[in-house]
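Here the protein sequences come in this chain order: A and B. Residue numbering for the first sequence follows this note's numbering, beginning at 1 and increasing consecutively. Residue numbering for the second sequence follows this note's numbering, beginning at 319 and increasing consecutively. Single-structure report; data block below.
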Amino acid sequence: MSIEVAGVSKRFGDFVALDDVDLSIPTGQLTALLGPSGGGKTTLLRIIAGLETADSGSVVIEGADTTGVPVQKRNVGFVFQHYAAFKHLSVRRNVAFGLEIRKRPKAEVEAKVDELLRLVHLEQFADRRPSQLSGGQRQRMALARALAIEPSVLLLDEPFGALDAKVRKELRDWLRRLHDEMHVTTVFVTHDQEEALEVADSIVVINDGRIEQVGTPDDLYDKPASDFVLSFLGPVTTLGDHLVRPHDIEISRYEQAAVTVGTITRWTRIGFEVRLEVTPEDARQPGPVLVSLTRTDATALGLHEGDRVWLRLRPGAS
Amino acid sequence: MADLSTTRRTRGPVTYLLRVVAVVYLALLVVWPVALVVTNTFADGLTSLRGLFEDPDMVAALQLTAVAALCATAINLVFGVSMSLLLVRTEFPGKRLLSAALDLPLSVSPIVIGLALVLVYGGRGGWFGPTLEGWGFQVIFSTPGIVMATAFVSLPLVIREVVPVLREIGTEQEQAARSLGANGWQTFWRITLPGIRWAVVYGVVLTLARSLGEFGAVKVVSGNVLGETRTATLAVEEKYLNFDVEGAYAIAFLLASVSVVCIVVVQVLRSRADRH
């Protein structure tokens, strides 16, 4: 185990950010800390980095107890949401910073920096200032800077949170590929479940200062330990007495052994996907049921707004 | 720099009236009097300036002013930057009180500051002065007292420039430097100081300009001994009172031109800092 967090608690005044958290993060994996804002995930990451001190508990990195060790001696790479670029230094000097502090020979620093700039595709920007780079480029620079010190663990705090959707998607894929090449133990914080599901080997769901569930993306999506995890990892709707995913509902215009009967009251098309709201006839149902299906399926079923439909859980969905 | 989008597009009579008022006000209060100092200085060509530099007492006064101003600026540079870091980067009880106290030198009359220094460090009746004098260290009526008075008066200038910039740049860059292995001292030199350098330079120039022109506090603590503890500003007053108007204008011109140079330097730095 690369990172062992044991019994960590942290309060800010009356606010409990972390409540007796235990967590093991295996070596060489890409782990996501996922949860709503204010849930404690960033605090946990900062405690692992040493940027914040826990009120109680211990953090062991690569077998070494780092509980009282200051951040500059932990050898962790940290990437900030807003890049924290050194504004007065060129891209090259930004990346070289950690090596210059470690007083490595000049030639070695040069070679290492060149290699890293190639890795993050910023070779041609080496002599620019961070202010002349786009957000995505700045974050790649920050990543190269963190990797330069050959950290035992790489920690990223909402690394793509400040970027627009398209760049975010690109960087996400790129981070995954980078991780497959480098195999450095990586932990990143995100509140975007899609990001976590897509990139991570394992996901830690954190809410209200507590860990809700730890598992692979498939585990979490298919076997959520609680309603919170279920609803946080994707859209949910209430069918009968159960919380289910909208795409796990089978919809039909013809009478079938159904849980709910209702009328399609709303029809939203988003690209290839169609989202429906079905208002149940049974007044005891709490509200409209959300159903999602592909446009092709919707056309094949001959569905239209105002149709009377029968809903049930798809066979095979839990 | 004025934001063009917020200026009014329409130029009615009110706009022009306001402009005329502003220009006349500035001309009567600042431009005309200062211009008269210049014309009076050069009324006989360069004779008055030459006379000034030939008088050893006047040269001593100018030197004393320069030394006192440079010392005060150096002290306030170190003190100001560390105090700004303390105010912005740390939390402690009484912080707001300290912040308010740091503005005191700007609001209290310099004369009062001079008197207060005499009360503490005065060689005869002072609270701490006799002890220091027993160790052979004279403060009041001597250069240390002049430096102290000057430093006191210009104390908040560096702090007031640096604090907002320090607040604006935030702590993320410093945290990043820490995570990359830099200790506190390395973080300060390599990251924090470059981040606030324009504010520091700006504060230093203002401090220097203010220190060169200090009169009230210095008048009380210096003793005004010719050739020893008489500063340039005190010499201006002395010459003026002795009807040596020429000489007074010459020194006044020198002091004013240094201040103008300071303002120009600051403006140039400002626009450079804005670009970064």
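We treat Cβ as the ideally placed atom computed from N, Cα and C, and that holds for glycine.
Taking one C-beta from the region 62-78 of chain A and one from the region 231-249 of chain A each time, how about it: are there three or more such pairs within less than 8 Å? no
A:Lys103 versus B:Leu498: straight-line alpha-carbon distance, rounded: 12 Å
Counting pairs of Cβ atoms below 8 Å between the region 251-268 of chain A and the region 301-316 of chain A, do you hit three or more? yes
Distance, A:Val79 Cα to B:Met319 Cα: Unreliable positioning characterises B:Met319 in this predicted model, as indicated by a pLDDT of 42, which lies under 50. A coordinate reading is not provided.
State the Cα-Cα distance for the pair B:Asp321 and B:Gln585, rounded to the nearest angstrom. No answer about B:Asp321 holds up, because its pLDDT of 47 lies below 50 and its placement is not dependable.
Using CA atoms only, rank isn't needed, just tell me which of A:Ala148, A:Gln193, A:Gln139 is closest to A:Leu171. A:Gln139
Tell me where the beta strand (DSSP E) around A:Pro280 begins and ends. 273-280
What residue does the beta strand (DSSP E) around A:Asp157 start on, and which one ends it? 153-157
Suppose you measure from the CA of A:Asp180 to the CA of A:Asp201; what does that come to, to the nearest Å? 11 Å
Taking the alpha carbon of A:Leu122 as the reference point, which residue from A:Pro105, A:Leu143, A:Glu108, A:Val109 has its own alpha carbon closest? A:Leu143
When the Cα of B:Ser577 is compared with those of B:Arg590, B:Leu335, B:Val554, B:Leu526, which residue comes out closest? B:Leu526
Going along chain B, which residues have a C-beta under 7 Å from A:Val71? Arg496, Ser497
Selection of the region 555-584 of chain B by Cβ proximity to chain A, strictly under 8 Å: none
Which of helix, strand or coil DSSP assigns to B:Gly534: helix
Name, please, each residue of chain B whose Cβ falls closer than 8 Å to the Cβ of A:Val76. Ser497
According to DSSP, simplified to helix, strand and coil, what is A:Asn207? strand
List the residues of chain B that A:Ala49 touches, going by C-beta distances under 8 Å, in chain order. Ser497
Distance, A:Asp241 Cα to A:Thr43 Cα: 36 Å
Counting along the chain, where does the beta strand (DSSP E) carrying A:Asp55 start and finish? Premise fails: A:Asp55 is in no beta strand (DSSP E) and is neither H nor E.
Relative to the C-alpha of A:Ile203, which residue among A:Ile270, A:Lys41, A:Pro70, A:Gly7 is closest? A:Lys41
Would you call the CB atoms of A:His183 and A:Gly28 closer than 9 Å? yes
Interface partners of B:Glu486 on chain A, CB under 7 Å: What B:Glu486 touches in chain A: nothing, since even the nearest Cβ is about 12 Å away.
Would you say A:Val16 touches the ligand ADP, meaning its beta carbon is less than 8 Å from a heavy atom? What this structure holds is no ligand at all, so the ligand ADP is not there to describe.
What distance in whole Å lies between the Cβ atoms of B:Ala517 and B:Arg508, which are believed to be in contact at a cut-off of 8 Å? Contact doesn't hold; Cβ gap of about 17 Å is too wide.
Does B:Arg508 get closer than 9 Å to chain A when you measure Cβ to Cβ? yes
Test: A:Arg102 CB closer than 9 Å to a CB of chain B: yes
Taking Cβ-Cβ distances below 7 Å as the criterion, which residues of the region 390-419 of chain B are in contact with chain A? none
Given that A:Lys87 touches chain B, what residues does it touch there, using C-beta distances under 9 Å? Ile487, Gln491, Pro512, Gly513, His594
Closer than 9 Å, Cβ to Cβ, to anything on chain B: give me those residues from the region 131-154 of chain A, in chain order. Ser131, Ala142, Arg145, Ala146, Ala148, Ile149, Pro151
By the three-class DSSP mapping on this structure, what secondary structure does A:His179 have? helix
Let me know the secondary structure DSSP gives A:Trp310 once reduced to three states. strand
C-alpha distance - A:Ala107 paired with B:Glu490, whole-angstrom precision: 29 Å
Own chain, CB closer than 7 Å to B:Gly521, minus 5 neighbours either side, in chain order: Gly398, Leu475, Val476, Glu479, Val480
How would you call A:Val187, buried or exposed, if buried means at least 16 neighbouring beta carbons within 10 angstroms? buried
Nearest residue (CA-CA) to A:Asp157, options A:Thr31, A:Pro224, A:Arg245: A:Thr31
State the DSSP-derived secondary structure class of A:Trp267, mapped to helix, strand or coil. strand
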